[in-house]
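Heads up, the thing below is written out as structure tokens.
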Amino acid sequence: MTDYRLLSVIVPVYNERNTVGEIIRRMRLVELPLDREIIVVDDGSSDGTDKILAALEDSTIRVTSHETNRGKGAAVRTGISLARGDVVLIQDADLEYDPQEWPRLLAPLLAGKATVVYGSRYLGERETITLSRWAGDRSLSVLTALLFNATVSDVETGYKLIDRQVLDSLNLESDRFEFEPEITAKLLRRHYRIYEVPVTYAGRDDADGRKFTWRDGLVAARTLVRLRLRRTS
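When we follow this note's numbering, the leftmost residue of the sequence shown carries the number 12, and every step to the right adds one.
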């Protein structure tokens, strides 16, 4: 068993006043075999999310804020810069991903089988999704396979668990949703193997506040191609 001691959970938040309190409640309830710290990064919310977070912050929840909205990637990178853990997990605040899945994600890492674990929405139980979303995610998986000779069923998953030393080696740069394919591309360029486990998923639609659009999918595809063609430093 690998000797990990502290899990840092990074929670990027933007205008999630209806869900952020519940996701924090769920995160506090998860039983884990190692210590945890939860770092919530409010990415310039304008809907009162900041007031909810101020009331919830305590010794188990650290809150930091961006003055303006800079994007999910920027929020995650801010969280990473503050994290003290030797393993890092990204947790969205919109209730699409259930924190009770954390032990499933940690299991292969703690057993020494992996240093990178993705929670795949396409290997586990999930609600039905639109054809366009399914086709977009499938297209990114096929493109990843063609570019990097590696099969990843869910490039855009919000559940990515990564050994801190591996994460620090990636030199992440993206500010917005291209952050997701950037992680995958840089991991595969450096020949890290991605271990996937099934997770449940309850996706939101546009009416419920879903922020990822088809344009972000195109940006993701361009990011994969750009990073594959970039010269290795």
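By construction, the Cβ of each residue, glycine as well, lies at the ideal position given by its N, Cα and C atoms. The model shown is predicted, which means the values in this text are computed figures rather than measured ones.
DSSP state of residue i mapped onto helix, strand, coil
i	result
V166	coil
L43	coil
S76	strand
L172	strand
D69	strand
L106	coil
G147	helix
K124	coil
T234	helix
T13	coil
S57	coil
D186	coil
R226	helix
E27	coil
G220	The predicted model places G220 with a pLDDT of 49, which falls under 50 and marks its position as unreliable, so this point remains unresolved.
G214	coil
R241	coil
Residue range of the alpha helix (DSSP H) that includes residue i
i	result
D53	Element bounds for D53: not the alpha helix (DSSP H) but the beta strand (DSSP E), D46 to D54.
D179	R175 to D179
I194	F190 to R200
A118	W113 to L121
T89	K83 to L93
Rounded distance between the beta-carbons of residue j and residue i, thought under 8 Å
i	j	result
D61	D53	5 Å
V87	P23	5 Å
Q102	V41	With a Cβ gap of about 10 Å, Q102 and V41 do not count as contacting.
L154	A232	6 Å
L121	Y206	12 Å between Cβ atoms; not a contact.
Y212	E107	6 Å
E48	L17	7 Å
Y129	K171	6 Å
Paired residues, beta bridge with residue i - DSSP
i	result
G130	V208
V20	I49 and L100
Candidates the options, of which the one nearest residue i by Cα
i	options	result
V210	L151, S152, S164 and R242	S164
R132	L238, T75 and R149	R149
G32	L17, V74 and D97	V74
I50	R201, G59 and I72	I72
I173	P119, F188, R200 and R241	P119
R187	D97, G214, N80 and E27	N80
D109	R39, V177, V166 and A196	R39
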